[in-house]
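Taking the working numbering, the leading residue of the sequence shown gets 77, the next gets one more, and so forth.
Glycine residues also receive a C-beta, built at the ideal position from the N, C-alpha and C atoms.
Here's the structure we're looking at; comments come further down.
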Amino acid sequence: MIDPALVPGIIRVLFVMVIITAAYIISTRNILSLVSVYAIQSLTLVLIALSLYTLEGSSVLLAIAVITFISKVLVIPYFIATIQERVRIRRDIEFHFLNPTTSLLLSMALMLVIYIALSKIMEGTPARESLFFFGAVLGISLMLMGMMVTFSRKRAISKVLGYLTMENGVLLFGMFVTELPFIIEFLIIIDLVILVLLTTILTVGIDSTLEDYHDRLNRFHLLDDTEEAP
Numbered sequence: 077m078i079d080p081a082l083v084p085g086i087i088r089v090l091f092v093m094v095i096i097t098a099a100y101i102i103s104t105r106n107i108l109s110l111v112s113v114y115a116i117q118s119l120t121l122v123l124i125a126l127s128l129y130t131l132e133g134s135s136v137l138l139a140i141a142v143i144t145f146i147s148k149v150l151v152i153p154y155f156i157a158t159i160q161e162r163v164r165i166r167r168d169i170e171f172h173f174l175n176p177t178t179s180l181l182l183s184m185a186l187m188l189v190i191y192i193a194l195s196k197i198m199e200g201t202p203a204r205e206s207l208f209f210f211g212a213v214l215g216i217s218l219m220l221m222g223m224m225v226t227f228s229r230k231r232a233i234s235k236v237l238g239y240l241t242m243e244n245g246v247l248l249f250g251m252f253v254t255e256l257p258f259i260i261e262f263l264i265i266i267d268l269v270i271l272v273l274l275t276t277i278l279t280v281g282i283d284s285t286l287e288d289y290h291d292r293l294n295r296f297h298l299l300d301d302t303e304e305a306p
């Protein structure tokens with residue numbers, strides 16, 4: 077059993093891991109690396125939830141840790157990696173509006189602005205110096221970083237990973253600021269699974285006729301090759 081006195085220090089180390097993974101997601105061009113880092117980021121959130129559980133003993137935190145591990149560490153990354161292999165997209169080298177360096181600098185600036193704003197709002201309160209304050213700052217920052225990925229990337233898979241990063245920010249914020257009900261997290265997971273399923277269509281392309289689209293699906297082996305010809 078972990079000594080409760082060590083838990084705050086462990087959570088601070090995990091906060092640093094969240095920042096590192098978010099910076100990597102913003103800057104990297106390799107799709108498979110994006111998927112792997114998203115899984116690591118989600119695993120970090122699982123560890124944060126378990127650490128909070130040791131402090132508070134809330135069954136909600138334990139349930140969130142379990143469902144996050146199953147869906148975001150195992151199922152969703154596996155599904156996206158499978159899509160990536162089938163459509164043979166290795167890199168996302170084109171960016172809208174912001175290049176990786178500008179995105180990283182803007183992310184640091186946003187994090188500083190959020191820290192200052194919440195410091196003003198919570199000035200004089202005991203929560204000001206607690207883990208919950210820094211969890212709120214990091215949760216909002218992660219949401220904005222995910223939004224930045226969504227707007228700056230061109231590939232559908234990269235955009236979906238941006239949405240998933242945004243949801244990780246919502247989850248992190250919810251764990252530290254409000255007691256996020258298990259049912260809300262479960263519904264969010266369902267929405268994300270549907271979003272990932274739609275990635276298949278968006279990745280192949282929706283700019284073609286039905287006949288061309290069918291040919292593309294066959295070319296990427298997304299339909300059964302044994303389908304009988306009419």
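For residue i, three-class secondary structure by DSSP
i, result
"Arg231", "coil"
"Asn244", "helix"
"Leu90", "helix"
"Ser103", "helix"
"Ser147", "helix"
Any non-hydrogen atom of the ligand ADP within 6 angstroms of residue i CB
i, result
"Ser103", "No copy of the ligand ADP appears in this structure; indeed no ligand is present at all."
Residue environment, residue i, which counts as buried when at least 16 other CB atoms sit within 10 Å
i, result
"Met219", "buried"
"Leu185", "Residue identity differs from the one stated: residue 185 is Ala in this sequence, not Leu. Per the 10 Å Cβ criterion, exposed."
"Arg88", "exposed"
"Leu181", "exposed"
"Ala81", "exposed"
"Thr328", "As shown, the chain starts at 77 and ends at 306. That puts residue 328 outside it, with no answer to give."
"Lys196", "exposed"
"Lys230", "exposed"
Whole-number beta carbon distance between residue j and residue i, since they are thought to touch under 8 angstroms
i, j, result
"Val253", "Phe210", "So it is not a contact: roughly 11 angstroms between Cβ atoms."
"Ile245", "Gly215", "Sequence check: residue 245 is Gly here, not Ile. Their Cβ separation, rounded to whole angstroms, is 5 angstroms, which keeps Gly245 and Gly215 in contact under 8 angstroms."
"Ala157", "Leu108", "7 angstroms"
"Thr130", "Ile116", "That belief does not hold up - the Cβ atoms of Thr130 and Ile116 are roughly 21 angstroms apart, past 8 angstroms."
"Phe249", "Ala212", "6 angstroms"
Span of the alpha helix (DSSP H), counted from its first residue to its last, around residue i
i, result
"Lys196", "176-197"
"Leu123", "107-132"
"Thr144", "135-144"
*the region 147-154 contacting the region 106-122, beta-carbon criterion three pairs below 8 angstroms*: Touching, yes.
*asked:* For the pair the region 99-111 and the region 212-229, tell me if three or more CB-CB distances fall below 8 angstroms.
replied: In this structure the region 99-111 lies against the region 212-229, because at least three pairs of beta carbons, one per stretch, are closer than 8 angstroms.
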